[in-house]
Every structure is written in structure tokens, then in C-alpha cells.
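Scroll down for the structure; my scribbles are underneath it.
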Amino acid sequence: MTKVEAPDLARPNSDSRAIESAPPTRPAPEPEVTTPPGAESTLSRWSPPARSSLATVLILLALVAAITAILYAWQLPPFGGHIEQTDDAYVRGQTTVISPQVAGYVSQIPVKDFQDVRAGDVLVRIEDSIYAARVALAPRHTGPFRQAVDRLV
Numbered sequence: 001m002t003k004v005e006a007p008d009l010a011r012p013n014s015d016s017r018a019i020e021s022a023p024p025t026r027p028a029p030e031p032e033v034t035t036p037p038g039a040e041s042t043l044s045r046w047s048p049p050a051r052s053s054l055a056t057v058l059i060l061l062a063l064v065a066a067i068t069a070i071l072y073a074w075q076l077p078p079f080g081g082h083i084e085q086t087d088d089a090y091v092r093g094q095t096t097v098i099s100p101q102v103a104g105y106v107s108q109i110p111v112k113d114f115q116d117v118r119a120g121d122v123l124v125r126i127e128d129s130i131y132a133a134r135v136a137l138a139p140r141h142t143g144p145f146r147q148a149v150d151r152l153v
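For the sequence shown, our numbering begins at 1 and goes up steadily by one.
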């Protein structure tokens with residue numbers, strides 16, 4: 001059988017000696033800046049380079065395009081907002097409740113919005129086909145009741 005020795009951690013190997021013997025690194029020297037006399041005040045305050053007029057125009061165009069896209073997406077004026085829509089609406093104004101004597105479907109509305117009307121003007125025409133059918137069937141339904149009344153009298 002072969003015997004394997006464990007490395008001795010207390011004894012440094014040859015690689016660690018090479019690293020320890022390397023000279024320490026020094027930071028690179030900073031370059032000296034020479035300034036002409038009287039220019040010290042301009043170097044103490046930094047300002048970005050001036051923007052060209054083309055860059056300013058492009059930034060303004062991008063801003064206008066973004067605002068236009070937002071107005072269009074939300075349907076705000078001038079792209080929308082002409083028609084009011086809501087699921088929870090309330091009407092405020094002068095309203096009058098009209099209740100007909102006969103129930104039925106509305107077939108015609110002869111008045112216009114905001115038109116002045118007087119007493120006796122026709123506001124709504126109700127479809128009379130259902131009412132006419134009921135009137136035609138009335139004698140059949142009332143016949144037995146009339147006979148009962150005639151017997152009592």
C-alpha cells in the first residue's frame with residue numbers, strides 16, 4: 001500500500017514566498033495640471049458642455065410627442081372627450097314624470113329635444129297592437145261574468 005502524506009500547513013510553500021517577496025505597489029503619480037494665471041476660478045466650478053440647438057429641438061420634439069401620446073391614450077381633448085360617458089350618471093334639470101293610462105311600447109316620439117310643448121300636444125305614441133288585441137278579447141272574457149250579474153239582478 002502506498003502512503004500519502006498530508007500537506008503541512010504550518011510550512012509555507014515556495015509559491016507563498018514569491019508573493020511575500022514582491023515589492024509593494026505604489027499608486028500612479030497624479031499628473032500635474034498647469035493653469036494660466038487668472039484661470040483658477042473657471043476650473044473650480046465645473047459645467048457641462050453647451051448643448052447644440054439640434055439636441056434641444058430633438059428633446060422638445062420628444063416631449064411634445066410624449067404629451068400627445070398620453071392625451072390620445074386617455075382620450076383627452078383634442079383627441080376625445082366630446083361625448084360624456086358614464087355608468088353612474090345623474091340628470092340634473094327640469095324633469096317631469098309622465099305616466100300613461102295604458103301600458104305599451106313606444107313607437108314614435110314626435111317632439112324634439114328642448115322643444116317647447118303646450119297642454120294637449122302629443123309627446124309619445126304608444127304601439128297599440130297589444131292594446132287592440134286585449135280590447136278584442138274583452139267580450140269573451142267578460143261574458144261569463146255578465147251572465148252571473150244578470151242572474152243576481
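Don't be surprised by glycine CBs; every beta carbon is placed ideally from N, CA and C.
- Here isoleucine 109 is actually not in contact with valine 97; their C-beta atoms are around 16 angstroms apart, not less than 8 angstroms.
- Taking the Cα positions, arginine 140 is about 47 angstroms away from aspartate 88.
- Contact fails between the stretch 41-60 and the stretch 68-75, because fewer than three Cβ pairs, one in each stretch, are under 8 angstroms apart.
- In this structure, the CA atom of aspartate 150 is about 48 angstroms from the CA atom of valine 111.
- For serine 107, the closest alpha carbon among the candidates Ile130, Asp116, Pro49 and Val117 is that of Ile130.
- Beta-bridge annotation (DSSP): isoleucine 98 is not paired with any residue.
- No residue range can be given for glutamine 75, since it is assigned to no alpha helix (DSSP H) and is classified by DSSP as neither H nor E.
- Beta-bridge partners of glutamine 108 (DSSP): Arg125.
- Assignment of glutamine 85 by DSSP, reduced to helix, strand and coil, places it in the coil class.
- One thing to note: glycine 104 has its Cβ within 7 angstroms of the Cβ of isoleucine 126.
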